[in-house]
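First comes the structure, then the notes that go with it.
Residue numbers (the working numbering), protein chains in the order written: chain G, 14 to 234; chain Z, 14 to 234.
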């Protein structure tokens with residue numbers, strides 16, 4: 014199909030498609046005579062993925078490009094792709110927002126303390142996590158900010174948040190278990206992680222409304 | 014203190030502080046003779062809050078300004094502030110990323126179906142949620158994208174994600190329960206919701222690594 018049709022089918026404006034092509038998020042079309050680009054279902058699917066990651070997942074164009082380039086790399090194994098996309102995602106996402114000042118902060122006393130709090134949590138729960146796992150740093154980053162804001166009640170509730178996270182993670186693993194096609198597995202893990210954050214955030218707000226209503230609503234007579 | 018000291022104490026560069034002042038995120042300093050602006054601990058605290066929401070929470074400057082203006086409004090009750098910041102946050106955040114095409118999509122058949130899936134979930138779990146709650150739409154938005162990407166396994170696991178969200182929400186309510194100061198209550202709820210999303214995301218990645226290791230690692234001999 015031509016670009017106009019790709020735009021109609023995907024619902025993404027032509028100018029935006031051209032932008033994704035320039036930025037390397039969307040692979041070029043196949044050149045057909047007389048020198049026109051032609052697009053297929055793989056382009057439609059890629060556009061749907063890009064929009065989901067950026068619109069709902071809130072990922073920047075730079076982060077999305079970095080993640081997609083890993084997924085597209087034929088020289089990486091599935092394990093590497095899973096590690097590089099899912100494992101590093103927190104770091105890529107956090108890195109997009111954090112400036113040099115904040116990165117430098119990670120050597121400070123308060124961040125060392127936060128990292129210790131994470132280590133203690135992992136030990137209490139028996140979670141075996143690689144020393145270099147970016148999610149360790151991401152968790153410590155959040156704890157540092159909570160501490161600076163004096164949110165000690167939230168920090169004290171860390172174990173219960175970890176319990177909620179474990180229920181989500183068990184479900185995540187169930188969702189990918191049994192997928193044999195490697196490309197499908199990597200995409201499912203990526204989408205599940207990024208859109209899963211958005212889904213959990215929305216469900217948490219709904220659950221807050223429910224729990225809050227249960228605790229504070231006047232019971233019906 | 015002068016702006017140079019505010020920068021040193023808060024760790025935020027002077028140029029960034031000036032940007033927040035221009036954008037209305039940070040209240041102006043008190044004018045002291047001879048016509049110089051003076052800042053105090055409330056400015057340090059506000060800068061810490063802005064950086065936490067933008068860096069770790071990934072909120073845009075526009076969304077942060079909208080949320081802070083609600084918090085600062087003396088004419089709103091605590092209940093209104095909680096509703097407008099926490100309740101609308103999903104919508105404000107989603108609205109920042111979604112363009113007109115995506116908003117129009119909400120009237121489409123696939124979004125109607127996703128909204129029905131959310132309604133059914135709420136009924137199964139006995140969650141009583143306002144018809145106009147923005148989190149309903151946010152959840153349906155994510156389900157629409159998952160459906161478009163063919164992620165039916167994730168959609169089928171919705172109840173278990175809701176279970177994880179309920180554990181988090183119970184904890185959220187415990188964290189704010191007993192806070193009597195109204196400003197502190199509103200800020201705790203705001204920070205807990207926004208940084209809580211980031212904390213849950215990091216903990217979920219750690220839990221994924223743990224669960225994945227437990228299921229696939231060769232047991233030690």
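A virtual CB, placed ideally from N, CA and C, is assigned to each residue, including glycine.
{"Asked": "Residue from Z:134, Z:157, Z:44, Z:156 whose Cα sits closest to the Cα of residue 175 of chain Z", "Found": "Z:134"}
{"Asked": "Top-ranked residue by Cα proximity to residue 71 of chain G, from G:129, G:210, G:54", "Found": "G:210"}
{"Asked": "Beta-carbon neighbours of residue 196 of chain G, restricted to chain Z and to distances below 7 Å", "Found": "Within chain Z, no residue comes near residue 196 of chain G; the closest Cβ sits about 12 Å away, beyond 7 Å."}
{"Asked": "The region 181-201 of chain Z touching the region 158-177 of chain G, judged by at least three CB pairs closer than 8 Å", "Found": "yes"}
{"Asked": "Proximity below 9 Å, CB of residue 62 of chain G to CB of residue 25 of chain G", "Found": "no"}
{"Asked": "Own chain, CB closer than 8 Å to residue 55 of chain G, minus 5 neighbours either side, in chain order", "Found": "40"}
{"Asked": "Per-residue contacts from residue 158 of chain G into chain Z (C-beta, under 7 Å)", "Found": "65, 69, 208"}
{"Asked": "Within chain G, the residues that residue 162 of chain Z reaches when beta carbons sit closer than 7 Å", "Found": "61, 62, 65, 204"}
{"Asked": "Integer Cβ distance of residue 65 of chain Z from residue 204 of chain Z, believed to fall under 8 Å", "Found": "7 Å"}
{"Asked": "Coarse secondary structure for residue 235 of chain G, derived from DSSP in three states", "Found": "Outside the shown range of chain G (14 to 234) lies residue 235 of chain G, about which nothing can therefore be said."}
{"Asked": "Residues of the region 30-63 of chain G whose Cβ lies closer than 9 Å to any Cβ of chain Z, in chain order", "Found": "58, 61, 62"}
{"Asked": "Three or more C-beta pairs below 8 Å linking the region 150-163 of chain G and the region 124-132 of chain G", "Found": "yes"}
{"Asked": "Contact with chain G by residue 167 of chain Z, beta-carbon distance below 9 Å", "Found": "yes"}
{"Asked": "Chain-ordered neighbours of residue 211 of chain G on chain Z, where CB pairs are closer than 7 Å", "Found": "155"}
{"Asked": "Contact set between residue 235 of chain G and chain Z, taken where Cβ atoms lie within less than 9 Å", "Found": "There is no way to answer for residue 235 of chain G, as the model of chain G reaches only from 14 to 234."}
{"Asked": "C-beta contact flag for residue 219 of chain G and residue 158 of chain Z at 9 Å", "Found": "no"}
{"Asked": "Cβ-based burial, residue 46 of chain Z [other Cβ within 10 Å; buried from 16]", "Found": "exposed"}
{"Asked": "Bounding residues of the beta strand (DSSP E) (the contiguous stretch that carries residue 49 of chain Z)", "Found": "49-51"}
{"Asked": "Segments of 4+ residues assigned as alpha helix (DSSP H) that fall wholly inside the region 43-88 of chain Z", "Found": "54-64, 74-85"}
{"Asked": "Residue 216 of chain Z vs residue 178 of chain G beta-carbon contact at 9 Å", "Found": "yes"}
{"Asked": "Residue 121 of chain G (DSSP reduced to helix, strand or coil)", "Found": "coil"}
{"Asked": "Within chain Z, the residues that residue 184 of chain G reaches when beta carbons sit closer than 8 Å", "Found": "170, 173, 174, 177"}
{"Asked": "Contacts around residue 199 of chain G, its chain only, beta-carbon distance under 8 Å, and the 5 residues preceding and following it disregarded", "Found": "84, 91, 94, 95, 98"}
{"Asked": "Residues that residue 124 of chain Z contacts on chain G, provided the C-beta gap is smaller than 8 Å", "Found": "By Cβ distance, chain G contributes nothing, its closest Cβ being about 12 Å from residue 124 of chain Z, past 8 Å."}
{"Asked": "Outcome for residue 117 of chain G when other beta-carbon atoms lying within 10 angstroms are tallied against a minimum of 16", "Found": "Per-residue confidence for residue 117 of chain G stands at a pLDDT of 49, beneath the threshold of 50, marking its modelled position as unreliable; no derived number is given."}
{"Asked": "Residue of G:190, G:225, G:43 minimising C-alpha distance to residue 202 of chain Z", "Found": "G:225"}
{"Asked": "Limits of the alpha helix (DSSP H) - the one that residue 146 of chain Z falls within", "Found": "It is not in any alpha helix (DSSP H) - residue 146 of chain Z carries neither H nor E in the DSSP assignment."}
{"Asked": "Extent of the continuous alpha helix (DSSP H) run through residue 29 of chain Z", "Found": "27-36"}
{"Asked": "Amino acids of chain G, ordered along the chain, whose beta-carbon sits closer than 9 Å to that of residue 142 of chain Z", "Found": "219, 222, 223, 226"}
{"Asked": "Neighbour list for residue 201 of chain Z in chain G, Cβ cutoff strictly below 8 Å", "Found": "164, 166, 167"}
{"Asked": "Below-9 Å beta-carbon distance, residue 190 of chain Z vs any chain G residue", "Found": "yes"}
{"Asked": "C-beta neighbour in chain Z for residue 112 of chain G, strict 9 Å", "Found": "The predicted model places residue 112 of chain G with a pLDDT of 43, which falls under 50 and marks its position as unreliable; any figure quoted below should be read in that light. Yes, residue 112 of chain G counts as interfacial toward chain Z."}
{"Asked": "Amino acids of chain G, ordered along the chain, whose beta-carbon sits closer than 8 Å to that of residue 151 of chain Z", "Found": "211, 214, 215, 218"}
{"Asked": "CB contact flag (residue 30 of chain G, residue 16 of chain G, <9 Å)", "Found": "yes"}
{"Asked": "For residue 194 of chain G, the three-state DSSP class (helix, strand or coil)", "Found": "coil"}
{"Asked": "Chain-ordered chain B contacts of residue 180 of chain Z [CB-CB under 8 Å]", "Found": "The structure shown contains no chain B; its protein chains are G and Z."}
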